[in-house]
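Protein chains in written order, with my numbering: chain A, 1142 to 1264; chain B, 79 to 642.
Glycine is no exception: its CB is placed at the ideal position from the N, C-alpha and C atoms.
In this text, all values refer to a predicted model and were calculated from it rather than measured experimentally.
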Amino acid sequence: MNETAFVIEDDEDLSTIFTEALQSAGYQVERLLDGAAARQRLSETAPHLVLLDMHLPHVSGADLLTGIRSDERFARTLVVIATADARLGEEYRSVADFVLIKPISFVQLRDLTQRLHKPPAAA
Amino acid sequence: MIKKFTDFLKLTPNDPDESRRTKLLHTLMLGMSLLALLVVILSATAILLNFSKLEDVALLIYGCVAFIVMNGLIFLLSKWSAKTAAWVFLLIINLVLAASDTPDKVGNGSSMFVFAIPIATAALLLSPASSFVFAALSSAIVVVLGINGNFVPNYPTLVGFFVLALVSWLSAQGLQNALKELRATNANLDRLVQERTKELAKALSRERIEAGRSKAILESIADGVIVFDIHGKAIEINPAIVRLLELPFEQVHGTTIDELTRSKALDSRNRGILAGLLSSTGQQLTSYRVLWERKTLSVSSSQVFDTEGTRMGTVAVFRDFTREAEVEKMKNTFLAMVSHELRTPLNAILGYAEMLKETIYGPINEKQARTTERIMSNSRRLLDIVSDLLDQAQMEAGKLTIMARPFKPVELLDNVHGVMDKIAADKDLALTSGLDPELPEWLTGDQARLQQILINLINNSIKFTKTGSVHFRAYRRDKKRWALEVRDTGIGIPADEIALVFESFHQVDSTTSREHGGFGLGLSIVKQLANLMGGEVNVSSQLEKGSAFTVVLPMVVSRRRITK
């Protein structure tokens, strides 16, 4: 069974590209286009990886990030932040596992997330 | 001097010499009349007391009365012409004296001396030279008396008359000259005093006008002004400052620098700025923006010196900059928003193109692959321009910060190669680099921004180089500084344009932007970034030979090497 990933991004085109990149990297991807929907889904399931846009309608990326980091259920969840604001990105570098500054290249995202697959516990 | 004096005399309605002589004539006549009156009274008394008989003194009394009457007539005459009156008076005196004794006594005896009276008096009463006229007249009278009386006149005494005339003439002349000089001196003094008084009055009124004018200017200008004395106490303020600071007049007037900077209207950061500005003793005019409650004020201050160069205090000018600051902020927000909104669709274009190229949606042929690559490279170029605009906006807003961390120069150069190699290769240019072994392995700096500096400079070089190479290197400049250099074999920059290449939106001429693309922001950003890092950019260039850009930076050696 493939590892699951949430792509939380309100721009449909970027969401499509990020989804394709993560699928190419071998994830089973669920697209979430706004903060409220994302919060709903996160309350139900804890994915292996969350690609999080910081600029979202209804519920901000920052709120979602705080929620994820304060919940034991997400202890094993990797958070990759996507933001256009380099300064804001710097602030989240210590909280998130990775911070990508937009524009984000398809190849860059695919290659990065490919490396993030959990290695077998035995290794 | 003499001419001035004569002019002065002409201007005066009464000749002062003339009036002096008239006065003298009147005094003499009055004195002599009183004497004559005394003689009449004494004679009358003598007759009444029977000391003498009327017949004996009758002639004397009649003579005296006649003399008094004559004096009265001459006095009336002097009202018409003082000079004529004086002549008449003296002539009569002379004749009276000639008849005052027996001819032989007058001509050659004890009464000769009486002629001395008109001779000496003439010099004072008429002109100094008129003494000689009376000496001659007296001599003539004596000679005539001698011929008539058959006696020899006393000739040596006649010579004495002329000697006396000479002495009188000299002394009267001397007196007259002395008086003239005295009058001239007095007149001069008077004029000087008048002139000084006039000047003083003028200066006073001028000063009053100037002070009034300065005050009027100070009161009517829109900028707020506070003048602090040497102890930092406000000694002069204008109405605008009261409006600007929204404080009561009394609170601003008489305030001190300390008090003003402690105001609740300032936060700690702006307090520091204002305090530093107002207490600076530098001679250069400096200005800073200060947030005063909801207002943005542009404050400039400068030292005031008197004419001797002694410091008298500080003058601070406050200008309301709120509106300008708002417009600026709006512009920057707008630019940042536009940049952000442009970046998202560009990111999408770039992403889709990459997906096509990576054959996510199935295989594509070679032509399609090349086209996809063109889409990608053009999108990247557009993204770079948008990024430049965003950087520019952030720098103008003072929001772009340098985040210094330890980094390895060798990694910096490698990363730049990774980004730029393909772009150089596309134009058939060689992109080479060098690393100075003198440079420490680790430095502290903002690697991303240093990379941006190199990329902007290399982009610029590639843009303006048709054939040849672009070489970049990092080297140690001296003990305290290191440098990044980018050297090309391009078209070069005209000498008069070198100073302008760092200006925003500037390109050497408008055709170059069409030919070489770009916005003219790259070099401006390089310069601003270098300044933010405490460094500077130097350019050397030769037309048709190439240019070299050097960014000189302070060297901060990382301690990572030690801690690791």
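With DSSP collapsed to three states, give me the class of residue i.
i	result
L325 (chain B)	coil
D398 (chain B)	strand
D1212 (chain A)	coil
V211 (chain B)	helix
R1234 (chain A)	coil
W520 (chain B)	coil
I1083 (chain A)	Since the first residue of chain A shown is 1142 and the last is 1264, residue 1083 (chain A) is not available in this structure.
L375 (chain B)	strand
F1247 (chain A)	helix
E1161 (chain A)	helix
L369 (chain B)	strand
V1220 (chain A)	strand
T411 (chain B)	helix
S341 (chain B)	coil
A1178 (chain A)	helix
A279 (chain B)	helix
A1225 (chain A)	coil
D566 (chain B)	strand
A552 (chain B)	strand
S159 (chain B)	coil
S547 (chain B)	strand
H418 (chain B)	helix
K258 (chain B)	helix
K623 (chain B)	coil
G1167 (chain A)	coil
L1197 (chain A)	coil
Have a look at the DSSP bridge pairing and note the partners of residue i.
i	result
R1172 (chain A)	A:V1148
Q381 (chain B)	B:T392
A573 (chain B)	In DSSP, A573 (chain B) forms no bridge with anything.
R559 (chain B)	B:P632
E314 (chain B)	B:V305
N616 (chain B)	B:T628
V1191 (chain A)	A:F1147, A:V1220
T334 (chain B)	B:K311
Leaving out the 5 sequence neighbours to the left and right, which residues in its chain are closer than 6 Å to residue i when beta-carbon positions are compared?
i	result
E24 (chain B)	Missing from the structure shown is residue 24 (chain B); chain B here goes from 79 to 642 and no further.
S209 (chain B)	I197, A200, A201, A243, S246, W247
F145 (chain B)	A114
I304 (chain B)	A312, I315, I319, A394
L1183 (chain A)	none
A1146 (chain A)	L1163, Y1168, V1170, P1188, L1190
N149 (chain B)	M107, S111
A1166 (chain A)	R1251, T1254, Q1255
V1221 (chain A)	L1192, F1239
I139 (chain B)	V118, S121
P518 (chain B)	V635
I1242 (chain A)	A1227, G1230
F327 (chain B)	V320
With a CB to CB cut of under 8 Å and the five nearest residues on each side skipped, what residues in its chain are close to residue i?
i	result
D1175 (chain A)	D1151, L1197, P1198, H1199, V1200
I571 (chain B)	V579, V586, V617, S619, L621, S625
R1234 (chain A)	V1240
P1261 (chain A)	Below a pLDDT of 50, predicted positions are generally treated as unreliable, and P1261 (chain A), at 47, falls in that range; the measurement from the model is reported next regardless. Counting only Cβ-Cβ distances below 8 Å, and skipping sequence neighbours, we find nothing.
G612 (chain B)	L631, P632
T90 (chain B)	Bear in mind that a pLDDT of 38 at T90 (chain B), under 50, signals an unreliable position, so the number given afterwards is only what the model happens to contain. So no residue of the chain qualifies.
A124 (chain B)	S130, V135
Going along the chain, which residues of its own chain have a beta-carbon closer than 7 Å to the beta-carbon of residue i, five neighbours each way excluded?
i	result
H594 (chain B)	With a pLDDT of only 48 at H594 (chain B), under the threshold of 50, the placement of this residue in the model should not be trusted; the figure read from the coordinates follows. Result list for H594 (chain B): K541, F542, in chain order.
R555 (chain B)	A561, V630
F129 (chain B)	none
L236 (chain B)	S217, V220
H1258 (chain A)	E1144, G1167
Taking 7 Å as the cut-off, does the CB of residue i come closer than this to any heavy atom belonging to the ligand ADP?
i	result
I139 (chain B)	Ligands displayed in this structure: none; no statement on the ligand ADP is therefore possible.
Taking contact to mean at least 3 C-beta pairs separated by less than 8 Å, is the segment 406–423 of chain B in contact with the segment 451–471 of chain B?
-> yes
Stretch-stretch touch, CB-based, cutoff 8 Å, three pairs: the segment 323–338 of chain B with the segment 283–292 of chain B = no
Pair every Cβ in the segment 1183–1192 of chain A with every Cβ in the segment 1201–1209 of chain A, then say whether three or more of these pairs are closer than 8 Å.
-> yes
Along the chain, which unbroken stretches of the alpha helix (DSSP H) at least 4 residues long are found entirely within the segment 86–155 of chain B?
-> 94–126
Counting Cβ pairs closer than 8 Å, one from the segment 502–513 of chain B and one from the segment 477–491 of chain B, do we hit at least three?
-> yes
The segment 220–237 of chain B / the segment 269–276 of chain B touching (three or more Cβ pairs under 8 Å) | no
Touch test, the segment 597–606 of chain B against the segment 574–582 of chain B, Cβ-Cβ under 8 Å, three pairs minimum = yes
Check whether the segment 526–534 of chain B touches the segment 493–508 of chain B, counting contact only when three or more Cβ pairs, one atom from each stretch, lie closer than 8 Å.
-> yes
In chain order, each alpha helix (DSSP H) run of at least 4 residues that lies wholly inside the segment 462–536 of chain B = 487–504
Touch check for the segment 168–186 of chain B and the segment 224–234 of chain B: three-plus C-beta pairs under 8 Å?
-> yes
Would you call the segment 426–433 of chain B and the segment 336–345 of chain B touching, i.e. three or more CB-CB distances under 8 Å?
-> no
Write down every uninterrupted run of the beta strand (DSSP E) in the segment 161–202 of chain B whose length is 3 residues or greater and which is fully enclosed by it, in chain order.
-> none
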